[in-house]
Amino acid sequence: MNRRMILNTVGKMVFAEGLFLLLPTAVSLIYRESCIFAFLITVAVALGSGALMIWISKPRSPIIYAKEGFFIVSASWILLSLVGAIPFVLSGEIPSYVDAVFETVSGFTTTGASILTDVEAMSRGLLFWRSFTHWIGGMGILVFVMAVLPNVSERSIHILRAEVPGPTVGKLVPRIKDTAKILYLIYVAMTVVQIILLLCGGMPAYDSILHAFGTAGTGGFGVRADSLASYSPYLQWVITVFMLLFGINFNVYYLLLIRRFKSALKSTELWVYLGIVALATGLIACNIFPQYQSLSETVRHSAFQVSSIITTTGFSTADFDLWPAFSKAILLILMFIGACAGSTGGGIKVSRLVLTAKQIRREIQKMLHPRSIKTLRFEGRSVEEQTLTGVSSYLGIYLICFVAIFLIISLEPFGLESNFSAVAACFNNIGPGFGAVGPTASFAGYSDLSKIVLSAAMLLGRLEIFPLIIFFSPSSWRK
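Quick note on the working numbering: the sequence shown kicks off at 25 and runs consecutively.
The following block contains the structure:
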């Protein structure tokens, strides 16, 4: 195992985080806040430790194999979360380091679960950092570093595969560095367009930037206690549309960019995703109509909440915990479905569910016609058996992890609905759940042990389980 390459790359990640921290430092300086000193200390720690790791671990070989890719991604995300929590503690605004780590992990993994009970009391610099972690983690900080660093090895595809969600990850273009650049250019362009549209709707510049960060990363951290309920219908519709857009596989946008419109519109995953959204929105709108004054308001709240949950963003315009059981059941199902593969959304992913459905259908046909041989096709291409095995393995380990985490969280004094939805919200990177962790509540009431376990659940969900299992497996460290 190329340990020097692992340490060197992780050092670059920490150093990059130090540079990212300069932005919230500047925000604190603009608003003349005392938390600027907390940021300056953290910047010094991140830049110093990152530079030291880079200096002492100059790799003899630039080669990155699959194992190194998993190790780099896992170590980077854990270390970035631990360092990113420091400003919250040093400023005194989140005195507990466990709480600060929970908040930071929730930010980087684009979960949006929070321990804050009064978000509006936070300083602007820390609120900016809190939402900026969404934007960094949405596309992946390692993807960003691959896009900007020179001499990126083609073997870095192993890093991309370990960090980008979905059953399969490939290169958009022959060079992995160019693939990373394309992904981030699309990501930045969509973020800028959303900021402009929010500004056109009268949202303040600071709010527009932070909500665009939360939408792009499908994270959900806001600047008001009521999330987006107090903003205008226009602004809520803009965010609804962009949540859906960021939940689509970015390969579709690349195909549109190179004018391969037919290929983009033939995406099975895209139409299944949009079909689920339309069906869920219609069913919930019919169910909650008696609670609202008009059809337009009903459809707006329904569409917003469906988009927010299926893309695992976590924004809210209404307290959906007060909706009828049928609507809450639909939202709970959407928590598990998640967005498309290759998007910034979490959950199991639509593509995995489509592949599973196709696999079940094929198995039924085999029972009826044992001698028949049928190749499973998805997105116009035949699917390798290795991919299908990977999907089945993922769903199996997903269920095992979910049950194990749920049993630990069940030690808490909250009800079954609260604890189950808390695990679902964290493991699927959604944010709010039901009951004690509903859209108007927080995770503050959970014990430190549960917060640590739920933080691990958020990382498992964002990195899709296997990288962390490999990282913490003793056999992986042996030569």
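Using N, Cα and C, we set each Cβ at its ideal position, and we do this for glycine too. These figures come from a predicted structure and were not determined experimentally.
Problem - Residue range of the alpha helix (DSSP H) that includes arginine 376 - result: Run containing arginine 376: 374-392, per the alpha helix (DSSP H) assignment.
Problem - Own chain residues within Cβ distance below 6 Å of threonine 215, not counting five before or after - result: Taken in chain order, the residues that qualify are Ala236, Ala240.
Handout entry: serine 331, DSSP secondary structure in three states
Key = In this structure, serine 331 counts as helix in the three-state DSSP scheme.
Exercise for the section: Scan the segment 274-358 and note each continuous beta strand (DSSP E) run of 3 residues or more that stays entirely inside, going in chain order. Expected result: Segments of the beta strand (DSSP E) lying fully in the segment 274-358: there are none.
Problem - Extent of the continuous alpha helix (DSSP H) to which glycine 162 belongs - result: For glycine 162, the enclosing alpha helix (DSSP H) starts and ends at 148-163.
Problem - Three-state secondary structure assigned by DSSP to serine 406 - result: Correct three-state label for serine 406: strand.
Practice task
Decide yes or no for the touch test of the segment 478-486 against the segment 148-157: beta carbon pairs closer than 8 Å, at least 3 of them.
Solution key: The segment 478-486 and the segment 148-157 do not touch, with fewer than 3 CB-CB distances between them shorter than 8 Å.
Exercise for the section: Could you tell me which residues DSSP puts in a beta bridge with arginine 486? Expected result: Looking at the DSSP output, arginine 486 bridges to nothing.
Exercise for the section: Buried or exposed for cysteine 59, please, with buried defined as at least 16 other CB atoms from any protein chain shown within 10 angstroms of its CB. Expected result: Classification of cysteine 59: buried, given that the 10 Å Cβ count is 16 or more.
Exercise for the section: Would you identify the three-state DSSP class for asparagine 32, choosing helix, strand or coil? Expected result: Asparagine 32: helix per DSSP, three-state reduction.
Exercise for the section: Taking glycine 306 as the reference, give the member of Arg148, Ser326, Val113 with the closest Cα. Expected result: In terms of Cα proximity to glycine 306, the closest of Arg148, Ser326, Val113 is Ser326.
Problem - Range of the contiguous alpha helix (DSSP H) that encloses serine 138 - result: Segment: none, serine 138 is in no alpha helix (DSSP H) and carries neither H nor E.
Exercise for the section: Note down the Cα distance separating arginine 486 from arginine 284, rounded to an integer number of angstroms. Expected result: Cα to Cα, the separation comes out at about 30 Å.
Problem - CA nearest to the CA of glutamine 383, picked from Leu473, Glu409, Arg395, Gly366 - result: Considering only alpha carbons, the answer is Glu409.
Practice task
Could you work out which residue in Trp79, Ser81, Leu45, Leu289 is closest to isoleucine 65 when comparing CA atoms only?
Solution key: If we check each option's Cα against that of isoleucine 65, Leu45 comes out closest.
Problem - Cβ-based neighbour list, glycine 42, same chain, cut-off 7 Å, excluding 5 preceding and 5 following - result: Closer than 7 Å at the Cβ level, and outside the excluded window around glycine 42, lie Val67, Ala70, Leu71, Gly74.
Problem - Counted within 10 angstroms of its Cβ, other Cβ atoms place phenylalanine 350 as buried (16 or more) or exposed - result: With fewer than 16 other Cβ atoms inside 10 Å of its own Cβ, phenylalanine 350 counts as exposed.
Problem - Cα-Cα separation between isoleucine 300 and proline 314, rounded to whole angstroms - result: As the crow flies, the alpha-carbon of isoleucine 300 is around 23 Å from that of proline 314.
Handout entry: Cβ distance (whole Å) where glutamate 144 is taken to contact alanine 249 below 8 Å
Key = Contact flag correct, Cβ pair sits at about 6 Å.
Problem - Close Cβ partners of lysine 91 (< 8 Å) along its chain, the five nearest in sequence each way excluded - result: Same-chain partners within the cutoff: Met25, Ile494, Ser500.
Problem - Backbone secondary structure at arginine 502 - three-state DSSP - result: Arginine 502 falls in the coil class under three-state DSSP.
Problem - Short Cβ contact (9 Å threshold) for threonine 135 with alanine 365 - result: At a Cβ-Cβ threshold of 9 Å, threonine 135 and alanine 365 do not count as neighbours.
Exercise for the section: Pick out whichever of Ser105, Ile210, Ser474, Phe328 has its Cα sitting closest to the Cα of isoleucine 429. Expected result: Cα-wise, what sits closest to isoleucine 429 is Ser474.
Exercise for the section: Would you kindly check if the distance between the Cβ of glycine 338 and the Cβ of proline 257 is under 9 Å? Expected result: No, Cβ-Cβ distance for proline 257 and glycine 338 is not below 9 Å.
Problem - At least three beta-carbon pairs within less than 8 Å, the segment 308-322 to the segment 406-423 - result: In short, these stretches do not touch, since the Cβ pair count stays below three.
Handout entry: threonine 242 beta carbon less than 9 Å from that of threonine 336
Key = In this structure, threonine 336 places its C-beta atom within 9 Å of the C-beta atom of threonine 242.
Exercise for the section: Give the DSSP-derived three-state secondary structure of arginine 401 in the structure shown. Expected result: Residue state, collapsed to three classes: strand.
Practice task
Taking the CB atoms as reference points, tell me whether phenylalanine 328 and leucine 431 lie closer together than 9 Å.
Solution key: No, these two residues do not count as a Cβ contact at 9 Å.
Problem - Through-space distance from serine 367 to glycine 271, alpha-carbon basis - result: Near 5 Å, if we compare the C-alpha coordinates of serine 367 and glycine 271.
Exercise for the section: Let me know the alpha helix (DSSP H) ranges lying completely inside the segment 194-251, each 4 residues or longer, listed in chain order. Expected result: Within the segment 194-251, the complete alpha helix (DSSP H) runs of at least 4 residues are 200-224, 229-240.
Practice task
Return the residue from the list Phe467, Arg401, Tyr316, Ala460 that minimises the CA-CA distance to arginine 386.
Solution key: Considering only alpha carbons, the answer is Arg401.
Exercise for the section: Identify the continuous alpha helix (DSSP H) that holds asparagine 443 and give its terminal residues. Expected result: For asparagine 443, the enclosing alpha helix (DSSP H) starts and ends at 440-451.
Practice task
Pull up the CB-CB distance for valine 122 and serine 105, whole angstroms please, since I reckon it's below 8 Å.
Solution key: The pair is not a contact, with the Cβ atoms about 12 Å apart (cut-off 8 Å).
Problem - tyrosine 230 versus methionine 391 - alpha carbon distance - result: Approximately 59 Å between the Cα atoms of the pair.
Exercise for the section: Report, in whole angstroms, the separation of the C-beta atoms of isoleucine 291 and glutamate 441, which I expect to be a contact under 8 Å. Expected result: Here residue 291 turns out to be serine, not isoleucine, going by the sequence shown. 35 Å between Cβ atoms; not a contact.
Practice task
Express the C-alpha separation of leucine 268 and phenylalanine 496 in angstroms, rounding to a whole number.
Solution key: C-alpha of phenylalanine 496 to C-alpha of leucine 268: approximately 35 Å in a straight line.
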